[in-house]
Structure formats: C-alpha cells, structure tokens
Amino acid sequence: MDTEVVVEQDVRELIGKRAQTLLALAEHLANCPVPREALSRPLVGDLLSHSMQLEETLDTYDAGKCCNWCSLRSVTAAIKLFSDVSYELLHILQRVPTYHLMPVERDFVAATNETLGFTSLVLAQAAKEMLNQARDLGLKVPPASEAAGSFQESLPKGRLVHSCGARQVDTVAGTVTLLATAFLNLASECEDVRATSRSGPQVGAASASPALSEERLRSLEFQFHNLQSQYDTYVSGTEVERQDTDLPVLRGHASVVFHLLRIATLLAHYYERHINKQRCSAAQFKGHLVEAEALQLVLMNYPIAFIDLYTSRAVSLCQEMLKRYAEVGRIEVPIPKYRGFHVRPSTLISKLVLHYGSRVRMLLGDEEYDAGSSLDLFRANEKINAQKRRWLANEIVRLNLVPEQCDLEKSTSIIRSVVLALAEKSELVLYEQPLEIPERTCVGEGTLLEKITNETARLLAMGKIDIGIDMTAQFVGDKRVLSDIKLLAEHGYGEDNYGNNIPLPKQLTYLRR
C-alpha cells in the first residue's frame, strides 16, 4: 500500500536543516580557484559523510522519483561517490611509501595525482550545481565554512615505535605458501578484468566489456579485501613477517589492488547508475557532471591499467616465494584413459604448473617430460599409443578374431567385426558411428592377421576408435602443485571418456579462465 504523500514544505524545511553543513562545504569548494589543491582527507571525509546523510534523508521521501527533487538527489549522489573515490586516491598517495611496491612501466604517483585532478574538477562542478539546486528549491545557503583551516592536513613524518612483541605462528613456509597461493588464484580470477587494459583505452571499451561491470568489479574487490584481511589477521606483527621480507611487499600489492578495485567499482557504478540512465524530462538539471567518454578513459587509464601492472608483478613475486619454500614430492596418477595426453589434459596440466611457476617433471617409463609444456606432454602420446598398438595386436590374437583363411575382398568386414567385438567387451570405444573403413585396406606384404592388425591400428591413429588401457605416470615437483595435479586426475582431467568437458572442482576453477 502506498504511503501517504508528505507536505512538500515540511520536507523542504527538513532538508534545509540537514543540508546546512554540506552546503557550506560546497560553497567552500566551489569558490576554490584550484580544486585539486583544496582536496584533503578531512575535507573529502566531511563531504562524504554529509552527502551520505543527505542522500539517505532524500531517499526516505523518494526524492529520486520527484521532479522537483530528483536533480538535488542526483547531485548529492555524485558528491558522495566522487568524495569516496577522492578519499581512496588520497589514501593511496599517503600509503604508497609503505606498500613496498615493485616498479612498473608507468609512474603510479603521477597517475594518481592526475586522476585526483579529474575527481576534484567533478566535485567542484557538483558543488556549484548543488548550490544552484538549493537556491532553486528555496534552501538557505550558508556562507563558506569558516573552518577551512581545519581541512589542511599536515602530518609529521615517521611512525610510532614498534614496541609490541611479535606474535608467533606455526611455520614460515606454511604461511608464505598459503598467502602466495591465494594471491595467484585471485590473479587468475581477475584475468578478464586485467586483459581489458591490454587492448588500450579505447572509447566504449569499458561499457562494452562484461568484465568491467559494477557487479564483476565489486566481487573482486571483496575477494582482495578478504586477502588483505587474512594477512592482517594471521601475519601482520608476527615473527614470520620479520623473517620473510617479501611478505610486506605482497601485502602492499594486495592492498593497492584492493583500493584500485574499489575505485573502479565506484566509477563503474556511476556510469551504470547515473550516466547510462534515462533522465527525468522535467528535471531542472539535464546535463552530466562528467561525460561518459571521459569517465571511461579514467577508468581504463588508471585503476584497470594499474590493477594489471601490479598484479602481474605480484604474480612473479608469489611464484618465486613458492619456489623458495617448495617441498618436493612425487605422485603417481592414471593417464587419461582413452585419448592420453591430448590437447585438453596437456593444456590443463601445463596451465596448472605455470600458474604456480614451479618446475614439475612427468615420468613415463624411461622418458621424462616437462609438465609445464603442453607440447612436451603431448609428445608422451607416442609412448602411450605404442602401448595401445601392442595391446591391440595381443587382444586380436588372444580372442582369435581373424580367421586363418579368408578372401582379401572381405577384409573390410573383418576389420569391422574385430572392432565391434572389442567394443562389445568394453575394451574399445567408437568415436565414429557408423564406422567408415578407409579405402585400400590390407594392402602390402604380410599375413592376413598382420594386415588386419595394421589396419585396426590405423583406425586408432586416425582417431576413429580408441582403447582404454590402465597406465600411470609419475609427477615430481612441489607438493602444492602435485596436490592440484592429483585433484585434476581424479576429475578425469576435465573431460569424460568421449572428450567432452566436465566441471572441475572449485579449487581448480582457475584452469578454466
């Protein structure tokens, strides 16, 4: 049931009181000749707090659905969002020296200042428009804040003495492995977002990519925040953090990626909610505080670009850390039953190994293969197929499937009967039904048995049939990597007996990206 319509004058009086501090701040910012120089965390924090409170009050009375008030609601939302973004940027500038960031190709501090210049201009424009809306609505606009001096942020250099005792944790290796693995998995999780930056800041790229939707970015923001929290809960202030100096570097990269994702989420939200939306035809303010193209370029050039750059550097760091603490082990797993190490299983294994950056070897008989190379794994099929051909020849003889005397003209029917006999015993699978036998079968020298065996082997080589034999291979390397290889093998290397994709367990979802 609809709520009773409120007397608009009562709302006007309420908003007039609630908006006084925010209007004073807007007056201060609107009169600054260089908005970027005016921005500080105290000022931006007050703008964020009071715009949030005013927005909530406006939403109580559905101001966004009222022609007289929707423009003020829209401008208030813009001040809240760009204050939030600006606070994140100021936080990054303040914390950069403590993040221990590895160098990247672009100047991060300069790019952060440039982005802050953009958001300060949007805030100044929004402040001016808020004042216009307030006057049109008959709201009293107070003079510029007399507390302007309190917005200055002059911080003494240095830090307090670290006098708290270090906490103890079980093992350095276990902690490092846990965090490095978690970061590598998150890096793989956000690959779609990172990839958008490599195509360059093309106009419309941000709005066209599902990877840059608010929903997608917010999900990643939460995951990186969780990683940062995990570090602060279990590592910060421990002996482990002091023993491995790479840990604070990893924490810094996780933190800066989290803050960049938060900025990206806010910008994507503003585009989806405020720019890419039909405006009220009767609203007093019909323009945009920021153009869609300019917003998308900032999104692509700053948060998305640096998310990719810093994640890439941290991936290399994590792989080095895992190598340093690697505990070498050995496992024995079944070879893919029918097609051996063909394209899909070879690709998944090599992708898994490269994900961790560790060296893993596969041993098959007296041969050794690089498990990080799909081509090298694929080479193992020569040995696997040779074993299948030997088994095939033995089975044909053992089951007496080829008559001693037979007209060569009936060789095609003999081959078909051999294949069907093996298939009925579930010792062979048909990938082609009905099975087409190639022309010119059973040519050349040899007995009929040899010719039939060779032609059946040719069907195997052509991929028309396959044989399931129980063979195993050994993998030697970091136990953490071997654990995932074992899990992959337990799930059929991502496919069924006919080579169709099957779901992988949650722990291995990074392989599908």
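Sequential numbering of the sequence shown, starting at -4, is according to my numbering.
Where a beta carbon is used, it is the ideal one built from N, C-alpha and C, also for glycine.
Predicted model only: the values in this text are computed from it and were never measured.
Out of curiosity, what's the CA-to-CA distance linking residue i and residue j?
i, j, result
"residue 243", "residue 464", "50 angstroms"
"residue 153", "residue 126", "40 angstroms"
"residue 398", "residue 477", "48 angstroms"
"residue 302", "residue 325", "36 angstroms"
"residue 318", "residue 194", "32 angstroms"
"residue 409", "residue 391", "11 angstroms"
"residue 489", "residue 339", "8 angstroms"
"residue 272", "residue 283", "11 angstroms"
"residue 124", "residue 131", "11 angstroms"
"residue 186", "residue 343", "16 angstroms"
"residue 315", "residue 472", "15 angstroms"
"residue 531", "residue 39", "Any property of residue 531 remains undetermined from this structure, which presents the chain solely from -4 to 508."
"residue 134", "residue 207", "39 angstroms"
"residue 387", "residue 240", "58 angstroms"
"residue 189", "residue 304", "8 angstroms"
"residue 6", "residue 290", "33 angstroms"
"residue 429", "residue 462", "18 angstroms"
"residue 524", "residue 167", "This structure cannot settle anything about residue 524, because the visible part of the chain is limited to -4 through 508."
"residue 519", "residue 218", "Residue 519 is absent from the model: the chain starts at -4 and stops at 508."
"residue 425", "residue 431", "11 angstroms"
"residue 54", "residue 228", "37 angstroms"
"residue 418", "residue 503", "33 angstroms"
"residue 74", "residue 497", "48 angstroms"
"residue 443", "residue 454", "17 angstroms"
Once the 5 residues before and after residue i are set aside, which same chain residues still bring their CB inside 6 angstroms of it?
i, result
"residue 258", "80, 83 and 298"
"residue 107", "84, 87 and 88"
"residue 287", "270"
Going by beta carbon distance, what residues of the same chain come within less than 7 angstroms of residue i, once the five residues before and after it are set aside?
i, result
"residue 16", "45"
"residue 222", "177, 178, 181 and 249"
"residue 346", "506"
"residue 2", "none"
"residue 358", "468, 469 and 471"
"residue 252", "219, 302, 305 and 306"
"residue 452", "384 and 387"
For residue i, which residues of its own chain have a beta-carbon under 8 angstroms away from its beta-carbon, when the five flanking residues on both sides are left out?
i, result
"residue 52", "9, 10 and 13"
"residue 30", "24, 115, 116, 118 and 119"
Measure from the alpha carbon of residue i to the alpha carbon of each residue in the options, then state which is nearest.
i, options, result
"residue 377", "456, 3, 233 and 229", "456"
"residue 375", "61, 102 and 468", "468"
"residue 509", "155, 483 and 78", "Given a span of -4 to 508 for the chain in the structure shown, any question on residue 509 remains unanswerable."
"residue 360", "368, 344 and 382", "382"
"residue 384", "447, 350, 286 and 358", "447"
"residue 148", "110, 502, 504 and 34", "34"
"residue 235", "183, 205 and 174", "174"
"residue 36", "55, 90, 58 and 69", "90"
"residue 0", "363, 48 and 57", "57"
"residue 427", "493, 449 and 62", "493"
"residue 231", "219, 170 and 184", "170"
"residue 101", "421, 394 and 296", "296"
"residue 183", "458, 349 and 70", "349"
"residue 285", "308, 59, 500 and 76", "76"
"residue 233", "396, 394, 60 and 159", "159"
Residue i by DSSP, collapsed to three states: which one?
i, result
"residue 460", "strand"
"residue 326", "strand"
"residue 468", "strand"
"residue 110", "helix"
"residue 356", "strand"
"residue 425", "strand"
"residue 509", "Nothing about residue 509 can be reported from this structure: the residues present for the chain run from -4 to 508 only."
"residue 127", "helix"
"residue 271", "coil"
"residue 11", "helix"
Is the beta carbon of residue i less than 8 angstroms from the beta carbon of residue j?
i, j, result
"residue 330", "residue 270", "no"
"residue 86", "residue 254", "yes"
"residue 137", "residue 292", "no"
"residue 21", "residue 50", "no"
"residue 328", "residue 474", "no"
"residue 415", "residue 460", "no"
"residue 42", "residue 78", "yes"
"residue 322", "residue 260", "no"
"residue 192", "residue 105", "no"
"residue 406", "residue 369", "no"
"residue 67", "residue 128", "yes"
"residue 247", "residue 23", "no"
"residue 294", "residue 245", "no"
"residue 256", "residue 216", "yes"
"residue 213", "residue 205", "no"
"residue 333", "residue 172", "no"
"residue 364", "residue 356", "yes"
The ligand NAD and residue i: does the residue's C-beta get closer than 7 angstroms to at least one heavy atom of that ligand?
i, result
"residue 46", "Within the structure as shown, the ligand NAD is missing, as the structure has no ligands at all."
Let me see if you follow: with CB-CB separation under 8 angstroms, is residue i close to chain D or not?
i, result
"residue 130", "Chain labels in this structure do not include chain D; a single protein chain is all it has."
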